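Heads up, the thing below is written out as structure tokens.
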Amino acid sequence: DTAVSQTPKYLVTQMGNDKSIKCEQNLGHDTMYWYKQDSKKFLKIMFSYNNKELIINETVPNRFSPKSPDKAHLNLHINSLELGDSAVYFCASSQGVPAYEQYFGPGTRLTVT
Amino acid sequence: GEDVEQSLFLSVREGDSSVINCTYTDSSSTYLYWYKQEPGAGLQLLTYIFSNMDMKQDQRLTVLLNKKDKHLSLRIADTQTGDSAIYFCAVLADSGNTPLVFGKGTRLSVIA
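So the sequence lines, in the order shown, correspond to chains A and B. Residue 34 is where the first sequence starts when you use my numbering, and the numbers rise one by one after that. Residue 238 is where the second sequence starts when you use my numbering, and the numbers rise one by one after that.
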């Protein structure tokens, strides 16, 4: 029944490792997003995909690589993790561009030690 | 670029009304949103308003938009302890691929 789901919910890893976060939506939306929420709760867009095509790529280090195998999935791979990558990462989805209603997943709390 | 500002904290007594304010800078902002985030949870879309509207009411929630002053507010009537959360204002310009821009969130604490 979950609309936007993310796995894992928690991820603890060491600096220098590579990790992935997965996102799936069952709403039939054609646009998906990754947001980063830092320790002060500030929320900022990272990427957006529309019909598997990258349409928004904010100023994000190229260690972050999104991949959209189909419209229902948007995964985030992070190489060479750094302490500053510790945050909560939210996936969201919407229908159409511009996105009138975005629905968010529960978030993945990434802790880099 | 767009800048969205909110006060960081608000404390109210149970049963009172809460008013959370937001200001934005881009006059082309067309859609304006309020999201709620409970502890450890994702963002829940509460309501949104188009820039051609002044007011929108949805049960206990009232959104007011002053487009001239670029000011958006969310009023919660009869605030309950379950309303304690962080409330984010977000704006979207109707120009294709622009992203949602969020404020830093207002932490609402409801005192019983």
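Quick reminder that beta carbons are idealized off the backbone N, C-alpha and C, glycines included. This one's a predicted model, so the numbers in the text were calculated from it and none came from an experiment.
Per the DSSP calculation, residue 308(B) is bridged to which residue(s)? Residue 308(B) has 260(B) and 303(B) as its beta-bridge partners, per DSSP.
If we ignore side chains and look at the alpha-carbon of each, how far apart do residue 136(A) and residue 105(A) end up? Here the alpha carbons of residue 105(A) and residue 136(A) stand approximately 13 Å from one another.
DSSP-derived helix/strand/coil call for residue 318(B): Three-state DSSP puts residue 318(B) in a helix.
Measure the Cβ-Cβ separation of residue 337(B) and residue 327(B) and say whether it is below 8 Å. Yes; because the gap between Cβ atoms is below 8 Å, this pair is in contact.
For residue 85(A) and residue 335(B), the rounded distance between their alpha carbons: Per the coordinates, the alpha-carbon of residue 335(B) lies some 17 Å from the alpha-carbon of residue 85(A).
Please confirm whether residue 261(B) has its beta-carbon closer than 8 Å to some beta-carbon of chain A. Taking Cβ atoms only, chain A never reaches closer than 8 Å to residue 261(B), which makes this a no.
Through-space distance from residue 72(A) to residue 63(A), alpha-carbon basis: As the crow flies, the alpha-carbon of residue 63(A) is around 30 Å from that of residue 72(A).
Is it right to say residue 346(B) is buried, meaning 16 or more other beta carbons lie within 10 angstroms of its own, or is it exposed? Classification for residue 346(B): exposed.
Per-residue contacts from residue 273(B) into chain A (C-beta, under 8 Å): Listed along chain A is no residue with a C-beta nearer than 8 Å to that of residue 273(B); the closest approach is about 11 Å.
Could you check how far apart the C-beta atoms of residue 55(A) and residue 44(A) are, in whole angstroms? I think they sit under 8 Å. That pair is no contact at about 11 Å.
Which residues of chain A have a Cβ atom closer than 7 Å to the Cβ of residue 307(B), listed in chain order? Identification of chain A residues near residue 307(B) by a Cβ-Cβ cut-off of 7 Å yields none; the smallest Cβ-Cβ distance measures about 19 Å.
Rounded C-alpha distance that separates residue 96(A) from residue 318(B): Distance between the alpha carbons of residue 96(A) and residue 318(B): 42 Å.
Determine, using beta carbons only, whether residue 266(B) and residue 343(B) come nearer to each other than 8 Å. Result no, Cβ atoms of residue 266(B) and residue 343(B) do not sit closer than 8 Å.
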